[in-house]
Amino acid sequence: ETGVTQTPRHLVMGMTNKKSLKCEQHLGHNAMYWYKQSAKKPLELMFVYNFKEQTENNSVPSRFSPECPNSSHLFLHLHTLQPEDSALYLCASSQKGQGAQTRYFGPGTRLTVL
Amino acid sequence: ELKVEQNPLFLSMQEGKNYTIYCNYSTTSDRLYWYRQDPGKSLESLFVLLSNGAVKQEGRLMASLDTKARLSTLHITAAVHDLSATYFCAVVEEYGNKLVFGAGTILRVKS
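Same order as they appear, the protein sequences are chains A and B. Number 112 in this note's numbering belongs to position 110 of the first sequence; there are no gaps in the numbering. Number 52 in this note's numbering belongs to position 36 of the second sequence; there are no gaps in the numbering.
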């Protein structure tokens, strides 16, 4: 158990649907991340939040909209997705500052877009 | 731009054998991580290496870092079936915070 939880674990949606992914970290960290893991591609960073402020948007299409209401919660709002957006979406958290700053990952949401 | 290359991308090993996974990166870095991912599961942190010559060991896995060569190795000693997983290295640029992952090495240990 890594202290980072994600819901739902599996999601199937049509291209016209709107859905949200939720992430919660119980580690007291100050940074949270969304990553996308597609088959046969390296893990791709999507968004970074430090102390609830978005500090990085890695050229992600606007059909993905992140929200970070506080340092423990992170959402990814999805609308009008494409089949190529089907992937495993991983949330992670870390403590920024000195030292290792290891990212701890949640279990992921397996998303299928029909 | 920081690039991270792992090799091999697929490794089939016999139980009891030793092998090494290599991770090369293209720019100077001050942090390197190794992660393990089981099928359908998330990434589990194995090691973080912070300085040149750093060596960390946990069970049958040993990771080392040579910052001058921009190379890290993950050495597997006397492999057992439970080590079957995908192993990723990930590197943070010096003075930066972006974590760039390698493509991963799929390890299968056969009895």
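All C-beta atoms, glycine included, are put in the ideal place defined by N, C-alpha and C. These numbers were taken from a predicted model, which means no experiment stands behind them.
Item: Report the neighbours of V64(B) on chain A: residues whose CB is nearer than 7 Å to its CB, in chain order.; Value: A102, T104
Item: Going by DSSP, which residues form a beta bridge with Q56(A)?; Value: Y51(A)
Item: Which chain B residues sit within Cβ distance under 7 Å of F107(A)?; Value: S58, L59
Item: Taking the alpha-carbon positions, what's the S58(B) to F107(A) distance?; Value: 6 Å
Item: Which partner residues does T9(A) have in the DSSP bridge list?; Value: K24(A)
Item: What runs of the alpha helix (DSSP H), each 4 residues or longer, lie entirely inside the segment 76-100 of chain B?; Value: none
Item: With DSSP as the reference, label P85(A) as helix, strand or coil.; Value: helix
Item: In whole angstroms, give me the CA-to-CA distance for P68(A) and V108(B).; Value: 23 Å
Item: By DSSP, does P68(A) sit in helix, in strand, or in coil?; Value: strand
Item: Report yes if the CB atom of C39(B) is closer than 8 Å to the CB atom of S88(B), and no otherwise.; Value: yes
Item: Could you tell me if A4(B) is buried or exposed, where buried requires 16 or more neighbouring beta carbons within 10 angstroms of its beta carbon?; Value: Not covered by the structure: residue 4(B). The range shown for chain B is 17 to 127.
Item: Can you find a CB in chain A that lies within less than 8 Å of the CB of F117(B)?; Value: yes
Item: Please state whether the Cβ-Cβ distance between A101(B) and R52(B) is less than 8 Å.; Value: yes
Item: When DSSP builds the beta bridges, which residues end up paired with N23(B)?; Value: Y38(B)
Item: Per DSSP, H79(A) is paired with what?; Value: S22(A), S67(A)
Item: Could you check the C-alpha separation between P71(A) and P63(A) for me, to the nearest Å?; Value: 21 Å
Item: Taking three-plus beta-carbon pairs below 8 Å as touching, is the segment 77-91 of chain A in contact with the segment 17-33 of chain A?; Value: yes
Item: Measure the CB-CB distance between E21(B) and G118(B) and report whether it falls below 8 Å.; Value: yes
Item: So which residues of chain A does R47(B) contact, with C-beta pairs closer than 8 Å?; Value: A102, Q103
Item: So M34(A) is in the beta strand (DSSP E); what residue range does that whole segment cover?; Value: 33-39
Item: S95(A) bridges to which residues according to DSSP?; Value: M34(A), Y106(A)
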